[in-house]
Amino acid sequence: MPVTSQLLRGLPRAKVLASSLLPCQQHQSQLVPISHRPASRRSSHIWQSHQHSRSYRTTSVLRSYVLSPPQVNSILKANEYSFKVPEFDGKNVSSVMGFESNQLPANAPIEDRRSAATCLQTRGMLLGVFDGHAGCACAQALSERLFYYIAVSLLPHNTLCELEAAVEAGRALSPILQWHKHPNDYFSKEAQTLYFNSLRTYWQELIDLTSPGEVPDTREALLNAFKRLDNDISLEAQVGDPNAFLHYWVLRVAFSGATACVAHIDGSDLFIANSGDARAVLGVQEEDGSFSAHTLSNDHSAQNEEEVARIRSEHPPSERKTVIRQDRLLGLLMPLRAFGDVKFKWSIDLQKCVLESGPDQLHENEQTKFIPPNYHTPPYLTAEPEITYHKLRPQDRFMVIGSDGLWETLHRQEVVRIVGEYLTGVHQRQPLKVGGYRVTLGQMQGLLDERKARMSSAFEDQNSATHLIRHAVGNNEFGTVDHERLSKMLSLPEELARMYRDDITIIIAQFNPHVIGAQRQDGQS
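Our numbering applies: residue 12 is where the sequence shown begins, and numbers increase by one.
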């Protein structure tokens with residue numbers, strides 16, 4: 012089996028076989044390719060190449076298929092996962108009731124990853140979404156490694172010493188994390204020894220830098236974990252590995268890239284560490300029962316003026332016009348913070364040196380050998396996260412973490428409304444909006460009938476993340492799920508799917524308002 016095939020083995024694919032579909036007549040497609048959407052939220056992260064000179068028109072004729080509702084449900088539910096947190100885990104009453112997650116691929120294989128785990132040596136739960144670009148390797152590595160780096164960063168000095176003593180004596184280690192994984196969430200078994208050795212070096216350094224009795228600061232722990240893992244990814248690629256498979260793998264991880272949005276929830280303390288353009292949003296229930304969106308993270312993109320100013324300040328005035336071009340870093344990369352992506356971090360000499368000594372597979376990759384234009388004063392990119400803190404309140408009912416494939420299709424307020432109505436079963440009867448469209452009485456009656464049907468079938472989905480993906484992919488211009496549109500989007504062939512949408516990954520955590528209220532009172536007394 013080729014190395015590439017081995018690396019991608021076990022990754023989920025939402026590939027719809029034509030033999031299972033019912034062909035229908037050709038039609039004028041009303042789906043809008045990503046390249047024809049407003050530039051402010053184009054989802055293609057990867058470097059502009061021939062892939063991005065898209066000539067698809069919104070009126071292009073596509074071969075389409077009609078999927079039956081069971082077929083649609085089979086695709087949407089293939090990667091769904093849910094976990095209910097025990098009310099009392101032996102240490103404290105949890106403020107998290109549980110979480111639900113799901114993924115819908117557009118790339119083949121999917122470049123997004125997700126992770127969820129409970130910290131066993133300390134308190135708290137970790138939830139994360141990782142959006143890969145230029146391949147899935149970096150996002151895959153983050154999904155396996157970042158939570159360990161965070162968990163180790165949170166350990167007190169004495170526990171770190173016990174951990175090191177156990178390794179020295181050859182004793183079994185007490186687990187640091189309890190993972191909550193879908194069967195399709197892949198683990199790279201071949202790289203585990205390499206990953207462990209890098210992690211051990213990190214905790215050895217933490218032992219030297221900390222003192223007995225010292226309690227780590229959560230904000231600093233998150234910051235250090237992000238930066239250290241990105242540094243280790245870079246170092247492993249420079250050093251290489253005697254094993255040809257691992258040598259190729261560490262280079263793939265380093266030369267691809269990924270954004271990360273991670274939540275650490277401990278009681279009523281919620282920290283978000285974000286690097287890139289995935290996003291975390293809080294669903295807040297107002298006194299009238301409606302839901303409002305409270306954004307917990309900032310996108311690191313060209314639409315963020317502070318982020319653009321930060322990058323320009325780190326380079327000479329002569330590069331002011333070239334460091335951000337066409338809303339991309341050096342005119343190529345859309346997220347302005349990311350893991351990996353050493354093409355935007357290493358010197359040209361280091362890139363050439365590493366590639367020359369690397370395996371033949373990399374020499375065949377033109378994208379890897381390509382040096383970004385106007386590349387004068389690296390590094391241009393960082394994985395350092397922006398960290399935000401929120402003290403949870405009883406009215407904070409849930410949190411949505413999503414890759415940008417979600418946010419480019421639905422506004423955050425719409426996301427919160429859909430999830431809030433799903434979780435509570437209460438639908439806010441807002442006036443029927445038709446925007447600037449001309450609507451006949453017959454069409455209006457159809458919309459009203461559709462609304463009625465939607466209310467009666469709101470609980471078709473047993474997973475809130477699946478329900479949200481159904482809306483993200485299938486919503487029509489009136490904000491309701493159109494089965495025909497949903498069927499078209501899910502039956503697009505692999506080579507076209509990425510033109511119309513991005514991978515979508517969602518984690519929805521539901522909070523316990525009674526526990527949060529009691530914890531806030533205890534904290535004030």
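Cβ coordinates follow ideal geometry from the N, Cα and C atoms, glycine included.
All figures in this text were calculated on a predicted structure; none of them were measured in a lab.
query: Same chain, Cβ closer than 8 angstroms to glutamine 424, neighbours up to 5 away in sequence not counted; result: Ser303, Ala304
query: Beta-carbon contacts of asparagine 285 that lie in its chain and below 6 angstroms, excluding the five residues immediately before and after; result: Cys272, Ser308, Pro396, Glu397
query: Cβ neighbours of aspartate 310 in the same chain (closer than 7 angstroms, five flanking residues each side left out); result: Asp288, Arg290
query: Reference proline 186; option with closest CA among Asn315, Ala180, Leu174; result: Leu174
query: Rounded straight-line distance, which links the Cα of histidine 168 to that of glutamate 216; result: 11 angstroms
query: Sufficient close CB pairs (3 or more, under 8 angstroms) joining the region 321-336 to the region 356-369; result: no
query: Stretch pair the region 199-214 + the region 238-256: three plus CB contacts closer than 8 angstroms; result: yes
query: Cβ contact check for the region 511-526 and the region 124-132: 3 or more pairs under 8 angstroms; result: yes
query: Burial state of threonine 120 (16 or more Cβ within 10 Å); result: A small correction: the amino acid at residue 120 is proline; threonine does not occupy that position in the sequence shown. Result: buried.
query: Proline 97, buried or exposed, once every other Cβ within 10 Å from all chains shown has been counted against 16; result: exposed
query: Straight-line gap, isoleucine 422 to leucine 434 (C-alpha atoms, nearest Å); result: Here residue 422 turns out to be histidine, not isoleucine, going by the sequence shown. C-alpha separation (whole angstroms): 19 angstroms.
query: Whole-angstrom distance between isoleucine 161 and glutamate 330, CA atom to CA atom; result: 35 angstroms
query: Nearest-angstrom Cα separation, counted from glutamine 114 out to leucine 503; result: 17 angstroms
query: Beta strand (DSSP E) segment containing asparagine 285, residue limits; result: 280-286
query: Closer than 8 angstroms to chain C by CB, serine 199; result: The structure shown has no chain C; it contains just one protein chain.
query: Candidates Leu417, Leu347, Ala89, Asp352: closest to asparagine 195 by CA position; result: Ala89
query: Rounded C-alpha distance that separates valine 492 from glutamine 82; result: 16 angstroms
query: Length-filtered (4 minimum) alpha helix (DSSP H) runs lying within the region 343-391; result: 359-367, 371-374, 377-380
query: With 16 other Cβ atoms within 10 Å as the buried cut-off, status of threonine 70; result: In this prediction, threonine 70 has a pLDDT of 38, which is less than 50 and means its spatial position is unreliable; what the coordinates show is noted afterwards. Result: exposed.
query: For threonine 221, the three-state DSSP class (helix, strand or coil); result: coil
query: Bridge partner(s) assigned by DSSP for glutamate 317; result: For glutamate 317, which the question treats as bridged, DSSP gives no partner whatsoever.
query: Touch test, the region 221-236 against the region 341-349, Cβ-Cβ under 8 angstroms, three pairs minimum; result: no
query: Buried/exposed call for proline 116, threshold 16 Cβ in 10 Å; result: buried
query: Residue span of the alpha helix (DSSP H) that contains aspartate 243, given as start and end; result: 229-250
query: Beta carbon of serine 414 nearer than 8 angstroms to that of aspartate 219; result: no
query: Contact under 8 angstroms by Cβ, valine 104 with valine 526; result: yes
query: Residues bridged to serine 9 [DSSP beta-bridge criterion]; result: As shown, the chain starts at 12 and ends at 536. That puts residue 9 outside it, with no answer to give.
query: Supposed contact pair isoleucine 283 and valine 107 - C-beta distance, whole angstroms, cut 8 angstroms; result: About 14 angstroms separates the two Cβ atoms, so there is no contact after all.
query: Backbone secondary structure at serine 164 - three-state DSSP; result: helix
query: Leucine 417 to alanine 483 span [Cα, whole Å]; result: 7 angstroms
query: From Ser79, Ser85, Val77, residue whose alpha carbon lies closest to that of glutamine 473; result: Ser85
query: Simplified DSSP state of arginine 134, which is helix, strand or coil; result: coil
query: Residues that glutamate 397 bridges to, as DSSP identifies them; result: Asn285
query: 8 angstroms Cβ cutoff met for histidine 258 and glycine 251; result: yes
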